[in-house]
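**Q** The numbering of the sequence shown is our numbering, which starts it at 31 and goes up by one.
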Amino acid sequence: MYVAVKGGEKAIAAAHALQEHRRRGDEQLPELSVAQIEQQLNLAVDRVMTEGGIADRELAALALKQASGDNVEAIFLLRAYRTTLAKLAVSEPLNTADMRLERRISAVYKDIPGGQLLGPTYDYTHRLLDFTLLANGEAPQLNSSEAQASASPHVFSLLANQGLAKAEEDRGDEPDDITRTPPVYPCSRASRLQQLMRGDEGYLLALAYSTQRGYGRNHPFAGEIRSGYINVEIVPEELGFAVNVGELLMTECEMVNGFIAPEEEPPHFTRGYGLVFGMGERKAMAMALVDRALQAPDYDENISGPAQDEEFVLAHADNVEAAGFVSHLQATALRRFPG
Numbered sequence: 031m032y033v034a035v036k037g038g039e040k041a042i043a044a045a046h047a048l049q050e051h052r053r054r055g056d057e058q059l060p061e062l063s064v065a066q067i068e069q070q071l072n073l074a075v076d077r078v079m080t081e082g083g084i085a086d087r088e089l090a091a092l093a094l095k096q097a098s099g100d101n102v103e104a105i106f107l108l109r110a111y112r113t114t115l116a117k118l119a120v121s122e123p124l125n126t127a128d129m130r131l132e133r134r135i136s137a138v139y140k141d142i143p144g145g146q147l148l149g150p151t152y153d154y155t156h157r158l159l160d161f162t163l164l165a166n167g168e169a170p171q172l173n174s175s176e177a178q179a180s181a182s183p184h185v186f187s188l189l190a191n192q193g194l195a196k197a198e199e200d201r202g203d204e205p206d207d208i209t210r211t212p213p214v215y216p217c218s219r220a221s222r223l224q225q226l227m228r229g230d231e232g233y234l235l236a237l238a239y240s241t242q243r244g245y246g247r248n249h250p251f252a253g254e255i256r257s258g259y260i261n262v263e264i265v266p267e268e269l270g271f272a273v274n275v276g277e278l279l280m281t282e283c284e285m286v287n288g289f290i291a292p293e294e295e296p297p298h299f300t301r302g303y304g305l306v307f308g309m310g311e312r313k314a315m316a317m318a319l320v321d322r323a324l325q326a327p328d329y330d331e332n333i334s335g336p337a338q339d340e341e342f343v344l345a346h347a348d349n350v351e352a353a354g355f356v357s358h359l360q361a362t363a364l365r366r367f368p369g
């Protein structure tokens, strides 16, 4: 039962002031700048951009600072700001095959055209605290390289050329936009991928893990994970041709999944797909695993795990909605504050 509350304006204002004071911390220490957050907490910035739906590193860093480092609150702030922005144009489809690579790995080929590129990663590091960071240890100096970048086709295109996978086809259909039209279930693949991209990383990671523990028929291999910079192009009406308006750092993951042998088609591998802003590799992998699990009806597979239940997965993936509903249980409408 909820009851109305009278008054409390001064108490709420004081609570906000207290939160701002707590966010600032010890005033004898230098204040953390937005630029520092953007540059030095870059993986947190990547997540806030992806789940907040805005590819702006400065705004994501600002949201993290305002939210005292609470990722979900920062995502909420960025989503709220996003609703005030006008939609100026729709970009051309991103061509990730032309990505200026920072990292590229594959678990299904030892040698691939363009080569494997380890790039920046925590892989192969010892998970031991680096106490030199307490003493303001400096990062090692990097040696610049003038190596010529070579063509790096998608691994799935190699499989398709060998008849082991189906090539993806762009039918030219206008994709759904979940920010303008609420999704309904069952939904299109475009709608599903948008919801997964904005979905909570921890939630998707748990669902992806469940598929590897037997809750759903889904045992994959990392076909390809690539991170790098992609050109963004739009076609202005007054020009009629594509214009480059910038580039985005993104991570793409394609999982190679079980071999299927439909009666009307040659046997081939299936795939799951993930795409995120920045270097959020774990989120991209989890997204790809869940995307493939949700394709179970397309392949007449038995739905035996929660990750294969489309409405369950997608309707509960949004952390802004989830946090809002859970937080309302402590709503101040039940209380009366002095002042």
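Glycine included, every Cβ here is placed at the ideal spot set by N, Cα and C.
Let me make sure I understand the geometry here. Which of Glu198, His298, Ile142, Glu68 has the alpha-carbon closest to that of Ala181?
**A** For the options Glu198, His298, Ile142, Glu68, the alpha carbon positioned closest to that of Ala181 is the one of Ile142.
**Q** Tell me, please, whether the region 201-209 touches the region 285-294 by the rule of three or more beta-carbon pairs shorter than 8 Å.
**A** No contact exists between the region 201-209 and the region 285-294.
**Q** Can you tell me which residues form a DSSP beta bridge with His298?
**A** Ile290
**Q** Going along the chain, which residues of its own chain have a beta-carbon closer than 6 Å to the beta-carbon of Ala104, five neighbours each way excluded?
**A** Result list for Ala104: Val78, Ala93, Leu94, Ala97, in chain order.
**Q** Under a Cβ-count criterion, where at least 16 other Cβ atoms within 10 Å of its own Cβ denotes burial, should Arg303 be classed as buried or exposed?
**A** Checking the sequence, you will find Tyr at residue 303 rather than Arg. Answer is buried; the Cβ neighbour count reaches 16.
**Q** Whole angstroms are fine: how far does the CA of Arg134 sit from the CA of Leu172?
**A** Put simply, the backbone Cα of Leu172 is about 19 Å away from that of Arg134.
**Q** Helix, strand or coil for Gly82 per DSSP?
**A** Residue state, collapsed to three classes: helix.
**Q** Assess contact between the region 237-252 and the region 324-341, defined as three or more Cβ pairs (one per stretch) separated by less than 8 Å. Is contact present?
**A** yes
**Q** Residues in its own chain within less than 7 Å of Met129 by CB, not counting five upstream and five downstream?
**A** Arg256, Gly258, Tyr259, Ile260
**Q** Considering only the alpha carbon of each residue, which of Tyr215, Glu122, Tyr139, Gln192 lies closest to Asp203?
**A** Glu122
**Q** Name the two residues that bound the continuous alpha helix (DSSP H) containing Glu132.
**A** The continuous stretches of alpha helix (DSSP H) do not include Glu132, which lies in the beta strand (DSSP E) extending over residues 130-135.
**Q** Inspect the CB distances between the region 185-203 and the region 297-315 and report whether three or more fall short of 8 Å.
**A** Output reads yes: the region 297-315 touches the region 185-203.
**Q** State the CB to CB distance for the pair Met227 and Thr80, rounded to an integer number of angstroms; the pair is presumed to be in contact (CB under 8 Å).
**A** 6 Å
**Q** DSSP three-state call for Val102: helix, strand or coil?
**A** helix
**Q** Can you tell me where the alpha helix (DSSP H) with Ala252 in it begins and where it stops?
**A** No alpha helix (DSSP H) holds Ala252; the beta strand (DSSP E) holding it covers 251-264.
**Q** Could you please give me the residues that DSSP links to Val276 through a beta bridge?
**A** For the record, residue 276 in the displayed sequence is Gly; it is not Val. Partner(s): Val262.
**Q** Buried or exposed: Leu364, going by 16 or more other Cβ atoms within 10 Å of its Cβ?
**A** Confidence is the limiting factor: at Leu364 the pLDDT is only 48, short of 50, which leaves the residue's position unreliable and the question unanswerable from this model.
**Q** Out of Glu132, Val102, Asn125, Leu89, point me to the one whose CA is closest to Tyr111's CA.
**A** Leu89
**Q** Between the Cα of Glu295 and those of Thr151, Gly308, Tyr329, spot the shortest distance and give me the residue it belongs to.
**A** Tyr329
**Q** In the structure shown, what three-state DSSP assignment does Tyr303 receive?
**A** Tyr303 falls in the strand class under three-state DSSP.
**Q** To the nearest whole angstrom, what separates the beta carbons of Leu148 and Gly310, a pair I think is in contact under 8 Å?
**A** By a beta-carbon distance limit of 8 Å, Leu148 does not contact Gly310. Their separation comes to about 17 Å.
**Q** Given this structure, state the Cα-to-Cα distance separating Ser136 from Ser187, to the nearest angstrom.
**A** 13 Å
**Q** Tell me, please, which residues DSSP counts as bridged to Glu282.
**A** Beta-bridge analysis with DSSP links Glu282 to Arg256, Leu305.
**Q** Would the beta-carbon of Leu234 fall within 7 Å of that of Val320?
**A** yes
**Q** Please confirm whether Ala347 and Gln225 have their CB atoms less than 7 Å apart.
**A** yes
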